[in-house]
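K.L.:
Chains as they are written, first to last, in UniProt numbering: chain C, 1 to 250; chain F, 1 to 250.
Where is the CB? At the ideal position from N, CA and C, for every residue including glycine.
Before I ask anything, let me first share the structure, which is written out below as structure tokens.
Structure representation (structure tokens):
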């Protein structure tokens with residue numbers, strides 16, 4: 001049985017989850033930002049991560065649907081606007097498609113998800129199920145990975161810009177807006193969790209929700225690393241043009 | 001747009017999915033049956049696959065709940081009985097626990113799933129979502145991997161018995177009953193799919209359901225291979241005693 005933590009201690013535990021389990025520590029993330037990824041690996045990363053980006057407004061709509069307070073819903077709905085934009089071509093998802101466009105990926109392939117790794121689909125599906133099936137507190141706590149995203153975004157953008165000549169600041173426009181949005185969103189979510197996790201069980205559930213979310217982001221990178229570095233992708237998944245050329249030459 | 005296939009052609013396509021995508025082709029499966037797995041890898045396999053075994057009666061109950069015909073339900077309910085048994089200690093799940101017991105794994109660890117890889121949990125969760133959310137035809141078609149299981153079971157059992165001195169026929173008792181059950185179950189499911197996939201779209205959906213199921217079994221082995229052979233397991237996942245000893249010695 002866990003003890004009831006003071007808000008500061010709970011916040012410390014949550015930040016500790018990020019320090020030890022957030023994907024800034026993942027070997028694929030380190031490879032991506034240090035310029036060691038092949039062009040095909042960057043493409044596979046962008047194509048697979050699109051499914052995660054695309055699920056965010058649906059995830060937030062599930063959370064919104066469970067909020068009984070109009071003030072909270074007004075705060076939370078901004079997340080949906082940020083990702084879906086005010087009109088066609090705007091918002092986070094459109095900016096992610098700018099990235100996949102610039103990498104030369106076909107939009108229909110990207111948007112359909114048909115070339116994504118099965119493990120990517122299962123991870124995204126697990127995230128949507130989590131915010132639907134668990135308590136509102138856990139659903140909100142699972143969003144707290146945004147506490148840690150500003151640091152990884154800065155390093156990723158700088159690393160990608162200096163290492164990949166096909167990546168421009170416009171290609172990475174998605175990330176420009178994110179640190180400010182992520183700070184605003186995670187401040188709100190953290191305050192909610194610290195205020196509403198009032199029993200040891202609720203506090204442990206909130207910590208577990210953040211661990212779950214970290215494990216989901218981690219599993220997506222594991223799957224990329226496995227398929228595109230150590231082993232082979234699932235037969236129906238994306239094959240980078242450079243890998244196809246290499247095979248043909250063998 | 002696909003053409004409507006004659007039943008024989010649809011059956012051929014379904015068998016082709018198995019020949020090209022079933023996990024009898026997976027490197028981890030080949031390693032397991034050829035005796036190349038370390039004791040820790042066999043333990044990790046058994047511990048993770050427990051979650052899949054344990055979800056089977058729930059998966060079948062979801063399918064049962066969607067059947068409107070008493071005759072079909074009478075056929076299908078046998079699957080639940082096979083896995084849950086007539087009484088405590090019987091049935092497929094209990095036999096799988098005999099395997100994890102003999103490997104020296106703690107039952108509470110195995111049954112709680114707390115040491116399973118996140119990707120295993122996501123794959124199992126995806127399977128449960130699939131049979132709940134897709135059509136009954138697709139849910140039934142996803143069970144057709146059992147068409148291919150008798151062949152893999154025979155090779156796996158023979159390979160494990162001859163290569164791992166800690167594995168006895170009693171350890172692998174789960175697999176003794178499965179080929180007969182799988183033959184009976186897949187004969188029924190195949191006849192249902194061939195009879196009820198009456199439009200090109202339904203036929204493609206049935207083929208896609210079997211591909212999904214194969215991808216889910218494949219992703220579970222990918223995750224094991226990644227975590228226990230190429231990279232590192234998620235911090236909260238199972239660490240085999242031999243790996244812990246190796247680390248301590250370094």
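(1) Tell me whether residue 34/C is buried or exposed, calling it buried when 16 or more other Cβ atoms sit within 10 Å of its Cβ.
(2) Give the interface partners of residue 20/C over in chain F, defined as CB-CB distance under 8 Å, in chain order.
(3) 8 Å is my cut-off, CB to CB: does residue 111/C come that close to chain F?
(4) Residues of the stretch 219–232 of chain F in Cβ contact with chain C at a cutoff of 9 Å, in chain order, please.
(5) Any beta-carbon of chain F closer than 8 Å to the one on residue 41/C?
(6) Less than 8 Å between the beta carbons of residue 87/F and residue 97/F, yes or no?
(7) Below 8 Å on the Cβ atoms is my guess for residue 99/F versus residue 172/F; work out the distance and round it to an integer in Å.
(8) Quick one: give me the first and last residue of the alpha helix (DSSP H) that residue 140/C is part of.
(9) Considering Cα atoms alone, identify which of 58/C, 148/C, 84/C and 60/C is closest to residue 18/C.
(10) In the DSSP assignment, find the unbroken alpha helix (DSSP H) run with residue 38/C in it and report its ends.
(11) Residues of chain F with a CB under 9 Å from the CB of residue 216/C: which are they?
(12) Anyone know if the C-beta pair for residue 213/F and residue 142/F falls short of 8 Å?
(13) Helix, strand or coil: how does DSSP classify residue 127/F here?
(14) Would you tell me roughly how many angstroms separate the C-alpha atoms of residue 25/C and residue 16/C, rounded to the nearest one?
(15) Judging by CA-CA distance, which residue of 248/F, 215/F and 235/F is the nearest neighbour of residue 236/C?
(16) For residue 75/F, does the three-state DSSP call read helix, strand or coil?
(17) Using the beta-carbon of each residue, which ones in chain F are nearer than 8 Å to residue 27/C?
(18) Can you list the residues of chain F that residue 125/C reaches, using a CB-CB cut of under 8 Å?
(19) Check residue 195/C in the structure and name its three-state DSSP category.
(20) Smallest Cα separation from residue 103/F: which of 165/F, 139/F and 152/F?
(21) At least one CB of chain F closer than 8 Å to the CB of residue 170/C: is that the case?
(22) I want to see whether chain C comes within less than 8 Å of residue 211/F, judged by CB atoms only; does it?
(23) Using three-state DSSP, classify residue 242/C as helix, strand or coil.
(24) Specify the secondary structure class of residue 157/C as computed by DSSP and reduced to three states.
(25) Are the beta-carbon atoms of residue 120/F and residue 194/F separated by less than 8 Å?
(26) Where does residue 4/C land, buried or exposed, given buried means 16+ other C-beta within 10 angstroms?
(27) Ends of the alpha helix (DSSP H) at residue 19/C?
(28) State the DSSP-derived secondary structure class of residue 67/F, mapped to helix, strand or coil.
(29) Hey, out of 205/F, 91/F and 158/F, whose CA is closest to residue 134/F's CA?
(30) Based on Cα-Cα distance, which residue from 92/F, 199/F and 220/F lies nearest to residue 2/F?
(31) For a test of the three-state rule: what should DSSP assign to residue 118/C, helix, strand or coil?
(32) Check whether the Cβ atoms of residue 177/F and residue 66/F lie closer than 8 Å to each other.
(33) By the three-class DSSP mapping on this structure, what secondary structure does residue 145/C have?
P.N.:
Per the coordinate set shown:
(1) Taking the first chain and counting its residues from 1, one reaches residue 34/C at position 34. That one is exposed.
(2) Residue numbering aside, residue 20/C sits at position 20 when the first chain is read from its first letter. The answer, in chain order, is 235.
(3) In the first chain, the residue the question calls residue 111/C occupies position 111. It does not; no Cβ of chain F falls within 8 Å.
(4) 219, 222, 223, 225, 226, 227, 229, 230, 231 and 232
(5) Residue mapping note: residue 41/C aligns to position 41 of the first chain, counting from 1. For residue 41/C, the answer is no, since every Cβ of chain F falls outside 8 Å of its Cβ.
(6) Taking the second chain and counting its residues from 1, the one referred to as residue 87/F is at position 87. Taking the second chain and counting its residues from 1, the one referred to as residue 97/F is at position 97. For residue 87/F and residue 97/F, no; Cβs fall outside 8 Å.
(7) For the purposes of this step, residue 99/F is taken as residue 99 along the second chain, with counting starting at 1. For the purposes of this step, residue 172/F is taken as residue 172 along the second chain, with counting starting at 1. With 8 Å as the limit, residue 99/F and residue 172/F qualify as a contact, their Cβ atoms being about 7 Å apart.
(8) Residue numbering aside, residue 140/C sits at position 140 when the first chain is read from its first letter. Note, residue 140/C: alpha helix (DSSP H), 136–141.
(9) The sequence position of residue 18/C within the first chain is 18, counting from 1. It is 148/C whose Cα lies nearest to the Cα of residue 18/C.
(10) On the first chain, position 38 is the one that residue 38/C refers to. That residue, residue 38/C, is in no alpha helix (DSSP H); it is neither H nor E in DSSP.
(11) Counting from one through the first chain, the residue named residue 216/C turns up at place 216. Neighbours of residue 216/C on chain F, chain order: 118 and 122.
(12) For this step, residue 213/F is matched to residue 213 along the second chain. For this step, residue 142/F is matched to residue 142 along the second chain. Going by C-beta atoms, residue 213/F is nearer than 8 Å to residue 142/F.
(13) If you number the second chain from 1, residue 127/F lands on position 127. In the structure shown, residue 127/F sits in a helix (DSSP, three-state: H, G or I).
(14) Indexing the first chain from 1 puts residue 25/C at position 25. Indexing the first chain from 1 puts residue 16/C at position 16. Near 13 Å, if we compare the C-alpha coordinates of residue 16/C and residue 25/C.
(15) Taking the first chain and counting its residues from 1, the one referred to as residue 236/C is at position 236. If we check each option's Cα against that of residue 236/C, 215/F comes out closest.
(16) For this step, residue 75/F is matched to residue 75 along the second chain. If DSSP states are grouped into helix, strand and coil, residue 75/F belongs with the helices.
(17) Within the first chain, residue 27/C is the residue found at index 27, counting from 1. Simply 231.
(18) Position 125 of the first chain, counted from the start, is the residue given in the question as residue 125/C. 122, 125, 126 and 129, listed in chain order.
(19) Counted from its first residue, the first chain places residue 195/C at position 195. Helix.
(20) For the purposes of this step, residue 103/F is taken as residue 103 along the second chain, with counting starting at 1. Nearest of 165/F, 139/F and 152/F to residue 103/F, Cα basis: 165/F.
(21) Within the first chain, numbered from 1, the residue matching residue 170/C stands at position 170. With 8 Å as the cut-off, residue 170/C does not count as an interface residue toward chain F.
(22) To locate residue 211/F, count along the second chain from 1; it is residue 211. By this cut-off, residue 211/F is an interface position.
(23) Here residue 242/C refers to the residue found at position 242 when the first chain is read from its first residue. It is helical.
(24) Your numbering for residue 157/C matches position 157 in the first chain. Residue 157/C: helix per DSSP, three-state reduction.
(25) If you number the second chain from 1, residue 120/F lands on position 120. If you number the second chain from 1, residue 194/F lands on position 194. In this structure, residue 194/F does not lie closer than 8 Å to residue 120/F by Cβ.
(26) Translated into the one-based positions of the first chain, residue 4/C becomes position 4. It counts as exposed.
(27) Taking the first chain and counting its residues from 1, one reaches residue 19/C at position 19. It spans 7–21 - the alpha helix (DSSP H) in which residue 19/C sits, taken as one unbroken run.
(28) Position 67 of the second chain, counted from the start, is the residue given in the question as residue 67/F. Here residue 67/F sits in coil by DSSP.
(29) Residue 134/F sits at position 134 when you count from the first residue of the second chain. That would be 205/F, whose Cα lies nearest to the Cα of residue 134/F.
(30) Your numbering for residue 2/F matches position 2 in the second chain. Closest option to residue 2/F, Cα to Cα, is 199/F.
(31) In the first chain, residue 118/C corresponds to position 118, counting from 1. Here residue 118/C sits in helix by DSSP.
(32) In the second chain, residue 177/F corresponds to position 177, counting from 1. In the second chain, residue 66/F corresponds to position 66, counting from 1. Taking 8 Å as the Cβ cut-off, residue 177/F and residue 66/F do not qualify as a contacting pair.
(33) Numbered from 1 along the first chain, position 145 holds the residue referred to as residue 145/C. It is helical.
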